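In what follows, a structure is listed as structure tokens, so that the remarks can point back to it.
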Amino acid sequence: MGLDMYACTLREPPAAPVDFKADEVSELHYWRKHPNLHGWMEQLYREKGGTDDSFNCVNLQLTAEDLDRLAAAIRDRNLPQTEGFFFGASDGSEIEDDLAFIAKARAALAAGLTVVYSSWW
Numbered sequence: 003m004g005l006d007m008y009a010c011t012l013r014e015p016p017a018a019p020v021d022f023k024a025d026e027v028s029e030l031h032y033w034r035k036h037p038n039l040h041g042w043m044e045q046l047y048r049e050k051g052g053t054d055d056s057f058n059c060v061n062l063q064l065t066a067e068d069l070d071r072l073a074a075a076i077r078d079r080n081l082p083q084t085e086g087f088f089f090g091a092s093d094g095s096e097i098e099d100d101l102a103f104i105a106k107a108r109a110a111l112a113a114g115l116t117v118v119y120s121s122w123w
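Numbering (my numbering), first residue to last: 3 to 123.
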């Protein structure tokens, strides 16, 4: 039990940037217990109009602009300190993996795919 985080791709863009159903996805990246990244994603989810109280098992579309903002937050070590039940702790060792995700996500967008973040805890 704990925080499992996923980035996936879709062939078609969703009808809305948050809270959409995604049936046919391909996994792009996986994180285990990286709560600060999850906290950043939750802030973005709220900015885009997401309303789920727990930010659990919901979908969030990531655009090129979102990835630019995320890359800056990662490089500046500015992900929000985030805690949750069984979330674990981010310790800074995740930076290289996070930037690898961003590179894969940018390549997926360039290939015409939609990138989605979701989590389950």
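Just so it is clear, CB atoms sit at the ideal spot from N, CA and C, and this is done for glycine as well.
Just so we're clear, the structure is a prediction, and the values are computed from it rather than from any experiment.
Cut-off 7 Å between Cβ atoms - residues of its own chain near residue i, not counting five sequence neighbours on either side
i, result
"Phe57", "Glu44 and Tyr47"
"Ile97", "Ile76"
Exposure of residue i, with buried meaning 16 or more beta-carbon neighbours within 10 Å
i, result
"Asn61", "buried"
"Gln63", "buried"
"Gly41", "buried"
"Arg19", "Strictly speaking, residue 19 in this sequence is Pro, with Arg absent from that position. So Pro19 counts as buried."
"Gly94", "exposed"
"Asp100", "buried"
8 Å Cβ shell around residue i - same chain, five flanking residues per side excluded
i, result
"Gly4", "Arg34, Lys35, Phe88, Phe89, Gly90 and Trp123"
Per DSSP, cross-strand counterpart(s) of residue i
i, result
"Asp6", "Arg34 and Trp122"
"Leu12", "Thr116"
"Glu29", "Cys10"
6 Å Cβ shell around residue i - same chain, five flanking residues per side excluded
i, result
"Ser120", "Tyr8 and Asn61"
"Ser92", "His36, Pro37 and Asn38"
"Leu115", "Thr11"
Quick one: which unbroken alpha helix (DSSP H) runs of 4-plus residues sit fully inside the region 90 to 123? Chain order, please.
97 to 112
Contained alpha helix (DSSP H) runs [length at least 4] in the region 46 to 84, N- to C-terminal order
66 to 77
Counting pairs of Cβ atoms below 8 Å between the region 24 to 33 and the region 69 to 87, do you hit three or more?
no
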